[in-house]
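**Q**
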Amino acid sequence: MGFLDNSGDIILDAVLTDVGRKRMAEGEFKIVKFALGDDEIDYSLYNANHPSGSAYFDLEILQAPVMEAATKQASAIKYGLLSITRTDLVYMPVLALNQKAGINSVLKHNNIILLAANKATYTTLSKDANIGTSKVLEPNSLTPTAKVIVESGISSPDRQPTRENRDNIIIGTNLLDLQFSVKFDSRFVSQLVSVQPNQDQSFANNTDGSRKITLTAFARKKAVSSTEFMDNYVTAIADGLEDLVLQYTTDTTGDSGTNLSQLAGPRGGMTALSFAPSTEINAQGVASPSYYTLYGSTGVAAATLGFSSGTYDFIDTTIYVQGLTTGASLQLPVRIVRQQA
Amino acid sequence: MPINYEVINPNTDVATTKTLLHEVIPLTGTIVSGTYGTFPNDDNIKNYSHGMFQSVYDYPYLSSSANHIFDISVGFDESSPLSGSANSVQEKKKINMYNQFSQVLLGYTGSANRVRLFESDLTLDESVGNIMKETIFVNLSRLLTKDQIKKGSVSIRLGTGSWAASNNSSLAKTFTDSAATNNAGTLNTAGGDYGVLSGSTGVGGIVFYQAGVMILTSSIWAGTTDFFSASTGIRTIDKQLVSGSISGSADAFRHRLQNLQFNNTTEINSSVYFCRASHNKFNYSSNPTYLSSSAIRVKNQNRDNPPVSYITTIGLYNSQNELLAVAKLSEPLKKDPTNELTLRVRLDY
Numbered sequence: 001m002g003f004l005d006n007s008g009d010i011i012l013d014a015v016l017t018d019v020g021r022k023r024m025a026e027g028e029f030k031i032v033k034f035a036l037g038d039d040e041i042d043y044s045l046y047n048a049n050h051p052s053g054s055a056y057f058d059l060e061i062l063q064a065p066v067m068e069a070a071t072k073q074a075s076a077i078k079y080g081l082l083s084i085t086r087t088d089l090v091y092m093p094v095l096a097l098n099q100k101a102g103i104n105s106v107l108k109h110n111n112i113i114l115l116a117a118n119k120a121t122y123t124t125l126s127k128d129a130n131i132g133t134s135k136v137l138e139p140n141s142l143t144p145t146a147k148v149i150v151e152s153g154i155s156s157p158d159r160q161p162t163r164e165n166r167d168n169i170i171i172g173t174n175l176l177d178l179q180f181s182v183k184f185d186s187r188f189v190s191q192l193v194s195v196q197p198n199q200d201q202s203f204a205n206n207t208d209g210s211r212k213i214t215l216t217a218f219a220r221k222k223a224v225s226s227t228e229f230m231d232n233y234v235t236a237i238a239d240g241l242e243d244l245v246l247q248y249t250t251d252t253t254g255d256s257g258t259n260l261s262q263l264a265g266p267r268g269g270m271t272a273l274s275f276a277p278s279t280e281i282n283a284q285g286v287a288s289p290s291y292y293t294l295y296g297s298t299g300v301a302a303a304t305l306g307f308s309s310g311t312y313d314f315i316d317t318t319i320y321v322q323g324l325t326t327g328a329s330l331q332l333p334v335r336i337v338r339q340q341a
Numbered sequence: 001m002p003i004n005y006e007v008i009n010p011n012t013d014v015a016t017t018k019t020l021l022h023e024v025i026p027l028t029g030t031i032v033s034g035t036y037g038t039f040p041n042d043d044n045i046k047n048y049s050h051g052m053f054q055s056v057y058d059y060p061y062l063s064s065s066a067n068h069i070f071d072i073s074v075g076f077d078e079s080s081p082l083s084g085s086a087n088s089v090q091e092k093k094k095i096n097m098y099n100q101f102s103q104v105l106l107g108y109t110g111s112a113n114r115v116r117l118f119e120s121d122l123t124l125d126e127s128v129g130n131i132m133k134e135t136i137f138v139n140l141s142r143l144l145t146k147d148q149i150k151k152g153s154v155s156i157r158l159g160t161g162s163w164a165a166s167n168n169s170s171l172a173k174t175f176t177d178s179a180a181t182n183n184a185g186t187l188n189t190a191g192g193d194y195g196v197l198s199g200s201t202g203v204g205g206i207v208f209y210q211a212g213v214m215i216l217t218s219s220i221w222a223g224t225t226d227f228f229s230a231s232t233g234i235r236t237i238d239k240q241l242v243s244g245s246i247s248g249s250a251d252a253f254r255h256r257l258q259n260l261q262f263n264n265t266t267e268i269n270s271s272v273y274f275c276r277a278s279h280n281k282f283n284y285s286s287n288p289t290y291l292s293s294s295a296i297r298v299k300n301q302n303r304d305n306p307p308v309s310y311i312t313t314i315g316l317y318n319s320q321n322e323l324l325a326v327a328k329l330s331e332p333l334k335k336d337p338t339n340e341l342t343l344r345v346r347l348d349y
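These protein sequence lines are chains A and B, in that order.
At position 175 of the first sequence (counting the first as 1) the number is 175 in the numbering used here, and the numbers step up by one without a gap.
At position 267 of the second sequence (counting the first as 1) the number is 267 in the numbering used here, and the numbers step up by one without a gap.
1. Taking A35(A) as part of the beta strand (DSSP E), name the residues at either end of that continuous run.
2. Enumerate, from N- to C-terminal direction, the unbroken beta strand (DSSP E) stretches of 3 or more residues contained entirely within the segment 173 to 216 of chain B.
3. Let me check one thing: in DSSP terms, what residues is S194(A) bridge-paired to?
4. Taking 7 angstroms as the cut-off, decide whether the C-beta atoms of L106(B) and T225(B) are in contact.
5. Using a cut-off of 9 angstroms between C-beta atoms, extract the partners of R267(A) located in chain B.
6. Would you tell me roughly how many angstroms separate the C-alpha atoms of F188(A) and H109(A), rounded to the nearest one?
7. Tell me the rounded alpha-carbon separation between T85(A) and T145(B).
8. Which runs of the beta strand (DSSP E), 3 residues or longer, sit entirely within the segment 209 to 259 of chain B?
9. Could you tell me which chain A residues have their CB closer than 7 angstroms to the CB of V345(B), listed as they occur along the chain?
10. My parser needs the alpha helix (DSSP H) runs of 4 or more residues fully inside the segment 20 to 107 of chain B; what are they?
11. Can I296(B) and V345(B) be called in contact, C-beta distance under 7 angstroms?
12. Determine the contact status of S342(A) and S271(B), defining contact as a CB-CB distance below 7 angstroms.
13. Going by Cα to Cα distance, which pick from S319(B), C275(B), P332(B) and E267(B) is closest to K18(B)?
14. Identify whether G159(B) lies in helix, strand or coil by the three-state DSSP scheme.
15. For T124(A) and T311(A), I'd like the C-alpha separation in whole angstroms.
16. Could you name the residues of the segment 19 to 48 of chain A whose beta carbon sits closer than 7 angstroms to any beta carbon of chain B, in the order they occur along the chain?
17. Cβ of T17(B) less than 7 angstroms from any chain A Cβ?
18. I'd like the list of long-range same chain contacts for Y57(B), defined as Cβ closer than 8 angstroms, with 5 residues on each side in sequence excluded.
19. Pick out whichever of L117(B), G159(B) and L260(B) has its Cα sitting closest to the Cα of L140(B).
20. Pull up the DSSP beta-bridge partners for G323(A), would you.
21. Could you check what DSSP says for S330(B) in three-state terms: helix, strand or coil?
22. Between which two residues does the beta strand (DSSP E) carrying G315(B) extend?
23. Taking the alpha-carbon positions, what's the F262(B) to F34(A) distance?
24. Please determine, among L158(B), P306(B), D177(B) and E78(B), the residue with the shortest C-alpha to C-alpha distance to D88(A).
25. For T317(A), which option in G299(A), K147(A), Y295(A) and T326(A) has the closest C-alpha, if you only look at C-alpha atoms?
26. Using the Cα positions of R159(A) and V195(A), report the straight-line distance between them to the nearest angstrom.
27. Can you list, in chain order, the residues of its chain with a C-beta nearer than 8 angstroms to that of T173(A)? Leave out the 5 residues immediately preceding and following it.
28. Would T313(B) pass as an interface residue toward chain A - the criterion being a Cβ-Cβ separation below 7 angstroms?
29. Might you give, ordered along the chain, the residues of its own chain that have their beta carbon closer than 8 angstroms to the beta carbon of V213(B), omitting 5 neighbours on each side?
30. Give every residue of the same chain whose Cβ lies closer than 6 angstroms to the Cβ of I25(B), excluding the five residues on either side of it in the sequence, and list them in chain order.
31. Could you check how far apart the C-beta atoms of S309(B) and S285(B) are, in whole angstroms? I think they sit under 8 angstroms.
32. Can you name, in chain order, every residue of its own chain whose Cβ lies under 6 angstroms from the Cβ of D348(B), other than the five neighbours on each side?
33. At a CB-CB cut-off below 9 angstroms, which residues of chain A make contact with I3(B)?
34. Ordered along the chain, which non-local residues of its own chain (more than five positions away) have a Cβ less than 8 angstroms from that of I95(B)?
35. Identify the contact partners of Q301(B) in chain A, using a Cβ-Cβ distance below 7 angstroms as the criterion.
36. Using 8 angstroms as the Cβ pair cut-off and three pairs as the minimum, do the segment 178 to 192 of chain A and the segment 232 to 239 of chain A touch?
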């Protein structure tokens, strides 16, 4: 994929994608809408303090070379531009992986989320002194102990996480994520399990700052093909709850909810997730399923993985989460671990 | 994955156009004889066991880089004086070749429902002086002609001197279809439009533009005593058409082909999609670098600063959000609430 010649007039380099050609062959090629992208742009190059003045703020951005159009769908628009009518927004929500201890949020182990491939592995790891129930996801469970908790909101402490700021910055601007697109490799993960927005479920704190978190109702989510994203990937939609971890003046903990929430500013929505490993990799026993040889590693000593004992197979994969209102996205590195026993 | 789309109105945002693209295709005589190997066994010439035609490639045909450029065959009508001659070779196949080209390009006529005969004018009235009963067929490959040959662009130069002087340009005859245009000088038949190849010495044949077939009359070489020459002897064209094989006649024709040139035509149908980004659309981005600790970088903490985005890519989607086509701008385009952009994406088919 070369760069486009940007020495003259602005030109457009257009190609049909692989799916476009397929649809054309099927006689179902009908374009009905468009979206715009800016994947090549690094906005950190925007220099609002350029000594030569405002004309130079985006000089480096405008000089960014643009790559040729690729025919693979997945390599086209990864993020996309947003249409928000208001022009006075200063902050926009991001997604953050909750890593707060004590609220059953799964904690990363060596910067990666562990998912047990089967019940036997989960039983072993949950008793492992280095792991325990807080650092490994139980496979295919509707009552998971640890969950992947993803929050949507403002990460900057410049705006306090009060209800008023939440109403102004998140609710009033229509930037509340209550649904999340979750994309995962169907070769390794067969199903998404996500929290259900029932009335008894909550992710909040009380006025004294104590936790008011109930994440017990989970359901399996049907996935549909997501080849427009990446080969072998499927998409499932996870429901969310309002993230009502707020800063109260009556808070006796003195931490503005940051003992519960990963976000320092106003919080919007959240979801809690777990996963079911695919049948190709979830077998118990000494013999390693072939996928571990093909896509991962087999017979790895516990010490190498930071466990206490045993021998394991593992596959590393990435799960992509995107807020369906804000477009904010987050990549979750996941290691699917299988005990050789 | 983008989450904001704009609808493309098929009535106001889509236009279709048709453009004709022409390329000059020059074929020099050396590529058909002498460039690859030794005539007549050139490495870019392919003969078949059935012996009904000969294929010419632009490179030794056993190479995967070779492209088929045209085929050569010869034939005559069964009413030709050559038909039924003694010691004839492949007579049945030569008649079959003539009939095949005739039925495809001209069709059938008369109460006996026989194939039409090729004629050297645009009337198809079977006037005796214009009928071409002994012919050489040059089938240009679709790779060269694309959708059709451009009318009025064909030129062919053929050596008519002795076998030894076949490359002598002063003894060559040049035939063109200069009388043919888009509006006149052609006749529409079952095989498409054809025009007449004529030169200072008379008519040399006809060319079917859509089919990419040239029909050359043997009378071009009527005065040539050694149209064919080999260890087996020398032959006039009539003698060669009777006693020579089709591939041998094709060899003789290649020996005398000095130049062939035409313009091809590619018909490009385009759909132009006008992607209109109004002032209040696409001013923000979900690009991860757009935010720094949730703060929009381009706003610089000032709510009065307008949001700004930089467009590099346009994705065209169907109703299932499948990306059907993608277009890239050669440089980022600034988008903010003070401007509206119409991006014109043209897809060619």
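C-beta atoms are modelled at their ideal positions from N, C-alpha and C, and glycine is treated no differently.
**A** Reading it off the structure:
1. K33 to G37
2. 186 to 189, 192 to 199 and 202 to 208
3. A219(A) and L273(A)
4. no
5. Within 9 angstroms Cβ-Cβ: nothing; R267(A) doesn't reach chain B, min ~11 angstroms.
6. 19 angstroms
7. 53 angstroms
8. 213 to 217, 228 to 230 and 233 to 235
9. L12 and A14
10. 29 to 32 and 91 to 105
11. no
12. Nothing in the structure corresponds to residue 342(A), since chain A is present only between 1 and 341.
13. E267(B)
14. strand
15. 11 angstroms
16. V19, G20, R23, F29, K30, I31, V32, K33, F34, A35, L36, G37, D38, D39, E40, I41, D42, Y43, S44, Y46 and A48
17. no
18. N44, I45, K46, A66, N67, H68 and I69
19. L260(B)
20. F180(A)
21. strand
22. S309 to Y317
23. 42 angstroms
24. P306(B)
25. Y295(A)
26. 28 angstroms
27. I84, R86 and L89
28. yes
29. F101, L105, F137, V138, N139, L140, G191 and V207
30. L144, F262 and N264
31. 5 angstroms
32. I268 and S270
33. A35, G80, L82, S181, Q322, G323, L324, T325, T326 and G327
34. G75, F76, D77, E78 and S83
35. V90
36. yes
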